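Sequence lines, in order, name chains A and B.
Read in order, the letters of the first sequence correspond to residues 165 to 279 in the working numbering.
Read in order, the letters of the second sequence correspond to residues 531 to 643 in the working numbering.
For each residue, glycine too, the CB sits at the ideal point set by N, CA and C.
Computed from a predicted structure; not experimentally measured.
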Amino acid sequence: DSGVTQTPKHLITATGQRVTLRCSPRSGDLSVYWYQQSLDQGLQFLIQYYNGEERAKGNILERFSAQQFPDLHSELNLSSLELGDSALYFCASSVAPSPWGGSYTFGSGTRLTVV
Amino acid sequence: GESVGLHLPTLSVQEGDNSIINCAYSNSASDYFIWYKQESGKGPQFIIDIRSNMDKRQGQRVTVLLNKTVKHLSLQIAATQPGDSAVYFCADSGNFGNEKLTFGTGTRLTIIP
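Structure follows, in structure tokens:
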């Protein structure tokens with residue numbers, strides 16, 4: 165167990181729908197990162213929050229949004245879902261807003277299937 | 531945009547042999563690199579990292595080599611074990627202070643008993 169908790173583990177939904185993925189960071193970590201991993205692909209950075217504030221943004225679609233709450237858990241909202249949004253979505257956390265020193269810890273991911 | 535690429539998508543190695551996984555990066559200003567291991571159904575797990583002011587770093591059974599001249603990174607795993615079977619990713623944090631990682635597409639390592 166990495167200490168980063170992601171729920172749900174699996175999600176199947178229809179095109180056009182909206183879903184929310186949840187991430188609880190490791191205890192003490194202030195930074196949360198969201199990554200998308202499509203089939204047999206590397207991870208693509210979506211967005212980062214640090215202590216409640218958006219810190220960095222990657223190639224995140226306008227249909228996607230995220231936030232980090234006062235208790236530091238984060239939610240990734242995906243709307244108007246398309247078949248191509250089917251992927252593994254990973255959350256990572258670190259104590260500082262940096263991956264230096266191998267401080268990133270990943271959760272086990274949420275597998276989203278859009279049908 | 532910047533990319534981190536891998537030379538081979540799959541690699542099969544006999545148990546007990548050494549394995550070498552390669553990675554090319556394109557951003558010459560990159561100064562921090564990490565290797566991750568991802569087992570089926572799990573998130574990426576940190577293996578080893580290296581900064582651009584080093585050309586070699588060793589861990590337990592793993593060594594990372596960095597060649598900045600040709601922008602190449604490799605991960606050497608000594609005396610491979612069945613538990614080493616996984617997908618291995620290199621990741622690049624780009625310029626100093628950059629907080630996101632750019633991942634390569636991964637190499638699937640299979641250990642043959």
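Asked	Found
Secondary structure of Leu203/A, DSSP reduced to three states	coil
Contact check, Gln271/A vs Val183/A, beta carbons under 8 Å	According to the sequence as given, residue 271/A is Gly; it is not Gln. No, the Cβ-Cβ distance between Gly271/A and Val183/A is not below 8 Å.
Asp614/B, DSSP secondary structure in three states	helix
Nearest to Cys620/B (by Cα), restricted to the options Asp614/B, Cys553/B, Ser558/B and Ser549/B	Cys553/B
Distance between Arg591/B and Thr177/A (C-alpha atoms, nearest Å)	43 Å
Beta-carbon proximity check, Gln611/B vs Ile641/B, cutoff 8 Å	yes
Length of the line joining the Cα atoms of Gly535/B and Gly206/A	The predicted position of Gly535/B is uncertain, since its pLDDT is 49 and thus under 50; no value can be drawn from it.
DSSP state of Asp585/B mapped onto helix, strand, coil	coil
Beta carbon proximity, Ile176/A to chain B, threshold 8 Å	no
Which listed residue (Leu631/B, Lys630/B, Lys586/B and Tyr618/B) has its alpha carbon closest to that of Pro539/B	Tyr618/B
Extent of the continuous beta strand (DSSP E) to which Arg638/B belongs	Thr637 to Ile642
Below-8 Å beta-carbon distance, Trp264/A vs any chain B residue	yes
Whole-number beta carbon distance between Ala608/B and Asn557/B, since they are thought to touch under 8 Å	Not really, about 29 Å apart at Cβ, beyond 8 Å.
Span separating the alpha-carbon of Leu639/B from that of Ile577/B	14 Å
Three-way DSSP call (helix, strand, coil) for Asp249/A in this model	helix
Chain A residues whose Cβ lies nearer than 9 Å to that of Lys572/B	Ser166, Phe270, Ser272 and Gly273
Status (buried if at least 16 other CB within 10 Å, exposed otherwise) for Pro261/A	buried
Buried versus exposed call for Thr637/B [16 or more other C-beta atoms within 10 Å across all chains shown]	buried
Members of the region 551-584 of chain B near chain A, C-beta cut-off 9 Å	Tyr562, Ile564, Tyr566, Gln568, Gly571, Lys572, Gly573, Pro574, Gln575, Phe576, Ile577, Ile578, Asp579 and Arg581
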